[in-house]
Ligand SMILES: [Zn+2]
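Below you can see the structure in the form of structure tokens.
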């Protein structure tokens with residue numbers, strides 16, 4: 287590891303900026319990362335690389351190409367968004383012990399979720415030492431839809447800690463991004479690129495989208511952006527979940543245990559069709575859902591009822607239950623998960639944001655409405671709204687339960 291250094295602007299050796307790169311397997315994270323340190327002259331950059339699997343290919347490539355300019359820390363065999371969060375924290379703590387660093391870049395595995403990685407930098411031990419600059423998500427323009435729409439793609443996610451489908455992972459990585467690198471745009475027609483861009487903007491209208499080829503991008507657009515917004519991120523249930531998990535990680539370090547809280551949120555924006563076909567629609571009702579009817583009438587006939595919906599997410603009020611359910615659909619899968627409990631009856635309500643192309647909002651609303659019960663009707667006995675074991679149920683849409 288070379289110590290080549292020319293000059294530093296980070297005089298105080300405090301608040302070292304950190305950028306996190308996420309993105310699905312093969313999207314081009316390593317290629318992008320390889321180019322960054324070489325493009326930033328006179329900065330001392332440390333790169334933390336996470337590999338998942340027996341072959342340390344990413345690390346070899348990164349080591350070879352960045353060795354002259356950057357310090358490399360490799361975390362292998364498990365994932366820094368879950369099993370290795372403690373190791374990630376430790377590695378960054380170690381890096382901040384050195385007072386010559388200008389920047390830390392963290393490259394996730396393709397399966398890494400953005401929120402828990404990002405939230406790790408808000409551990410008390412890193413306060414005043416690092417500052418999360420941006421979450422950068424690399425998206426593969428050439429293969430996005432194939433992966434996203436593949437109902438069987440969950441097989442690629444290994445390990446119990448990644449229990450969501452690939453489509454959920456992709457959607458989450460994009461929704462959490464401050465900067466999206468839309469890579470491999472040279473491999474698809476302009477129309478296709480624009481269509482994907484409009485979908486990305488529907489998922490996340492805050493992120494800056496940069497088109498790239500071969501992971502080539504001006505480092506000035508990626509580093510020192512100050513794009514990460516803690517207030518915004520802190521509102522998401524992914525962040526709140528990550529906070530809880532971090533407490534467990536920290537408690538484990540201390541040899542201690544336990545803590546709990548709950549959270550909810552929804553993106554509350556509607557938009558017009560933008561010419562490339564994607565638009566969003568918010569369905570809201572005070573009437574409670576008959577969850578069995580929803581499974582039978584909407585989920586099992588998804589392609590008829592909700593044709594064109596690529597992404598939907600929200601909270602659901604279920605008849606006969608005090609549980610707040612999170613509805614989270616990406617591609618061909620929807621998961622229902624217990625988020626917490628309604629504290630008061632006045633809070634109860636369903637709000638789901640649906641994003642898609644050519645949405646027939648009347649038909650959609652009608653189909654959903656048909657699965658609700660009148661507000662004042664006594665609720666039917668619901669055994670359990672979601673499977674009690676995992677407290678999460680995942681349904682392949684279009685297939686009768
Ligand atoms: Zn993970």
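Numbering (the working numbering), first residue to last: 287 to 687.
Note that beta-carbon positions come from the ideal geometry of N, C-alpha and C, so glycine has one too.
- Relative to the Cα of residue 608, the nearest Cα in the group 672, 516, 432 and 369 belongs to 672.
- Residue 500 counts as exposed, since fewer than 16 other C-beta atoms from the protein chains shown sit within 10 angstroms of its C-beta.
- Sequence-distant Cβ neighbours of residue 605 in its own chain, meaning closer than 6 Å and more than five residues away, are 574, 576, 659 and 665.
- Proximity to residue 310 across 399, 529, 303 and 360 peaks at 399, based on C-alpha coordinates.
- Relative to ligand 1, the nearest heavy atom lies less than 7 Å away from the CB of residue 365.
- Taken through DSSP and simplified to helix, strand or coil, residue 507 comes out as helix.
- For residue 599, the pairing in a beta bridge is given by DSSP as 614 and 639.
- Per DSSP, reduced to three states, the secondary structure at residue 323 is helical.
- Between the alpha carbons of residue 386 and residue 411 lies a gap of roughly 19 Å.
- Taking 8 Å as the cut-off, the beta carbon of residue 618 is found closer than this to the beta carbon of residue 453.
- Where residue 539 is concerned, the enclosing alpha helix (DSSP H) starts and stops at 523 to 540.
- In the structure shown, residue 591 falls within a helical segment according to DSSP collapsed to helix, strand and coil.
- For residue 472, same chain residues with a beta-carbon under 6 Å away, outside a window of 5 residues either side, are 499 in chain order.
- Unbroken alpha helix (DSSP H) runs of no fewer than 4 residues, entirely contained in the stretch 381 to 442, are found at 400 to 406 and 430 to 435, following chain order.
- With a cut-off of 7 Å, the C-beta of residue 502 is classified as distant from ligand 1, since no heavy atom of the ligand falls inside that distance.
- Taking the CA atoms as reference points, residue 321 sits about 22 Å from residue 493.
- Taking the Cβ atoms as the reference, residue 482 lies roughly 7 Å from residue 468, within the contact range of under 8 Å.
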